[in-house]
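Beneath this line is the structure, given in structure tokens, with notes to follow.
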Amino acid sequence: MITARLGLRARLYLASAAILMLFAFNVGTHLWGSYARSESVMAYRIATEGTALVRSIQQGLATEYQRVQVLAALRETNAPIRIAQREQANAELSEISDQLRALGGLSDIETEAAFRDFYKFASTLLDEWVRFYRDYNDNSVPSRLDARLYGDATDSLQALADQQNSVALERSTIIDNTIQLTDRITIIGFVSSITITLILILTLIRTTNASLFRLRVGVERFGAGDLTHRIDENRDSGEIANLAQTFNEMSASLQRAMADLTDARAEAEAANETKSMFLANVSHELRTPLNAIIGYSEMLQDELSDGETLDRDQFHHDLTTIIFSGRQLLTLINDILDLSKIETGKMSVSYEPVNVAGLVVQVCDALSPLLAQNKNQLELDVVGAQNATMRSDAAKIQQILTNLFSNACKFTKNGVIKVTAHIDDAALRLSVQDNGIGMTEEQQSKVFQAFVQADSNTSVNYGGTGLGLAIVSSFCDMLGGSVTLSSAPGEGSRFEVSLPVVQE
Amino acid sequence: MASSTVLLVEDNDINRDMLTRRLTRAGLTVMTATDGASALDAMREHQPGVVLMDMTLPVLSGWEATAKAKSDPSVAAIPIIALTAHAMAADRERAMNAGCSDYETKPIDFPALLSKIYLFLGANNT
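Those protein sequences? They're chains V and H, same order as listed. For the first sequence, the numbering used here gives the first residue as 1, with consecutive numbering after it. For the second sequence, the numbering used here gives the first residue as 505, with consecutive numbering after it.
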């Protein structure tokens, strides 16, 4: 329906205009009817006046005629008339003359010819009578009265009266028809105005209701949680379409906000999950050495209190295990603290001039007891970095090297550990290579993850926490570099660290 | 049937050595396995009275080994006590869901573990 495509205001304006037009039409037909009625009244009045005048003139003419006839007979006897008598006759004649003019005023186009005929005869007759009275006492003037004139005047007056009647009759017929017509038009117009107005109002209500219903359904569906629901903006225009559009824009931004919230919640949950996993791992890692420490200590305590003969070697071995587990626990705690700082973003990098060759030599020196433990040899090659300094974080490079070097020492027996440092314009390359137990490809794919060692006995046989390489990898990232690994089971491992150089 | 034998499944050498010695000192017969698959073999072959099972094991994990044992009629009746450093509530549930009869966290509360072992061995014997 076309009104549905119009705005609310346009619909109201349209309906109001239509109703006003109908109203104006009704008023117009009513005025037309009223005009016809007043016309009819006027025509009736004119007809009545005309008839009265005709009758009065007829009477006046008849009276005068008789008097003139009598006086004309008396004049033969030379009986003079008095002046007063003559003036009265003149007054009566002039009154008839006035009535003639009044009758002329009532005549219109259709009766004018008849009036002119009558007026010609009547005024001639009146003139004759005026002369008659004027010359009555003057015997030298003969009385010349045209006998036919009166008859012509009265005949033409009758003809005029007949014509007036026929015109009045004709006019009243026309006016009656007009009144009948306007009455009919008024009634039809009134009834159809009411009908059309009702239809318009009902249509307005229905279409507006339909528009509002669509809005309500949309709001309800959205409110019930269907955030993707949109109201069809094209079904309406104007204010309702604007409202639908505004609602849709609000829906879209709400939907975006909800999506953002959902994402944020998912992120928060993921972060929480990561944190829980981290805590679970930390708990697991701390419990494993603690189990040995507490278990061996309780066992030794039991053995002491049982008063058995102590196997000193066994006792020494057990104490060594306790100390080993305790140290492992300490390393673990330090590594966990580092890792936790890295993961919470609290580990910062402080750049300073670093003498690379000196740093490498210093780390290898510090770890020489570890090197000696498994009877390993060190091959150190720092010629490529001699006298070179770069801007970097010395503490982090030191820890990277320490972790890699101690791993190499742990996993190699009676072997050779090669440490090289080489620096050029672009990068510092540190490599730590051993000919120890090596790793399978599957193990290599996991060793840089936190809490993962090549296998679960690694910490028992070799110590370590499974955090060292995760820390190495994180530090390399923080310094803008990378670490790569090549290894094969039984053939040793080679770790190479590459850090970008910022020239001093 | 050696129903008073305890099968200790533990891949960590230190912990296995420590527990074996303490359980032996307590008068129990202890046999050991170092992974889930060999634990299953030992259960089928020796029918131990109770199994102490670490959960993080190579080859076949403790959870998988326990589930397999519970679906094997020849060993399904043997009670399994989970021994694990995984100490979260969800970990206990996971072990119980796999079919473990009980659950002990590391570090081990040895007297508590011992009384659980005796409880299961006693139930077997009566």
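Even glycine gets a Cβ: it sits at the ideal position worked out from N, Cα and C. Source: prediction; values computed, not measured.
- If the five residues before and after residue 19/V are omitted, its C-beta is found closer than 6 Å to the C-beta atoms of 197, all from its own chain and listed in chain order.
- Within the stretch 272-303 of chain V, the residues whose Cβ lies closer than 9 Å to any Cβ of chain H are, in chain order, 276, 279, 280, 283, 284, 285, 286, 287, 288, 289, 290, 291, 292, 293, 294, 295, 296, 298, 299, 302 and 303.
- Assignment of beta-bridge partners to residue 435/V by DSSP yields no partner.
- Taking 9 Å as the CB threshold, residue 325/V lines the interface with chain H.
- Note: residue 496/V is bridge-paired with 431/V and 484/V in the DSSP secondary-structure output.
- Beta bridge pairing from DSSP links residue 535/H with 511/H.
- Ranked by Cα distance from residue 483/V, the first of 266/V, 498/V and 492/V is 498/V.
- With its beta carbon less than 9 Å from one in chain H, residue 321/V belongs to the interface.
- Residue contact with chain V for residue 621/H: absent (no Cβ-Cβ distance below 9 Å to any residue of chain V).
- When the five nearest sequence neighbours on each side are left out, the beta carbons in the same chain lying within less than 8 Å of the beta carbon of residue 550/H are those of 506, 509, 511 and 535, in order along the chain.
- Listed in chain order, the non-local C-beta contacts of residue 9/V below 7 Å within the same chain comprise 238 and 239, local neighbours out to five positions each way being set aside.
- Considered as a whole, the stretch 361-422 of chain V harbours 368-373 and 394-410 as its complete alpha helix (DSSP H) runs of no fewer than 4 residues, in chain order.
- The beta-carbon of residue 569/H is placed no less than 9 Å from the nearest beta-carbon of chain V.
- For residue 616/H, there are no C-beta contacts with chain V under 7 Å, since the nearest C-beta of that chain is about 12 Å from it.
- DSSP assignment within the stretch 284-372 of chain V yields the following whole alpha helix (DSSP H) runs of 4 residues or more, N-terminal first: 312-343 and 356-366.
- In the DSSP assignment, residue 609/H falls within the beta strand (DSSP E) that extends over 606-609.
- When secondary structure is reduced to three states using DSSP, residue 111/V falls in the coil class, being assigned neither helix nor strand.
- Distance between residue 276/V and residue 270/V, taken at the CA atoms: about 10 Å.
- Contact annotation for residue 527/H against chain V: no contact, minimum CB-CB distance about 11 Å [criterion: below 8 Å].
- Contact check for residue 540/H and residue 564/H: beta-carbon distance about 3 Å, within the 8 Å limit, so the pair qualifies.
- Beta-bridge annotation (DSSP): residue 558/H is paired with 587/H.
- The contact set of residue 610/H on chain V, defined by CB atoms closer than 7 Å, consists of 287, 288 and 291 in chain order.
- Judged by DSSP in its simplified three-state form, residue 550/H adopts helix.
- In terms of Cα proximity to residue 432/V, the closest of 416/V, 294/V and 156/V is 416/V.
- In the three-state DSSP reduction, residue 425/V falls in the coil class, being neither helix nor strand.
- Taking CB atoms only, residue 585/H has no neighbour in chain V less than 9 Å away.
- Listed along the chain, the chain V residues whose CB falls inside 9 Å of the CB of residue 593/H amount to none; the nearest CB is some 11 Å away.
- Residues of chain V with a Cβ closer than 7 Å to the Cβ of residue 522/H are, in chain order, 292, 295, 296 and 299.
- For residue 89/V, the closest C-alpha among the options 103/V, 121/V and 131/V is that of 131/V.
- When 9 Å is used as the limit between beta carbons, residue 601/H is near no residue of chain V, the shortest such separation being about 17 Å.
- Interface flag for residue 589/H against chain V is set, since a Cβ pair is found closer than 9 Å.
- Taking the Cα of residue 358/V as reference, the smallest distance to any Cα among 339/V, 348/V and 383/V is reached at 383/V.
- For residue 222/V, the number of other beta carbons within 10 angstroms of its own is at least 16, and it is reported as buried.
- A direct Cα-to-Cα measurement between residue 445/V and residue 471/V gives close to 16 Å.
- Boundaries of the alpha helix (DSSP H) around residue 30/V: 8-75.
- Under the three-pair Cβ rule at 8 Å, the stretch 185-195 of chain V does not count as touching the stretch 145-152 of chain V.
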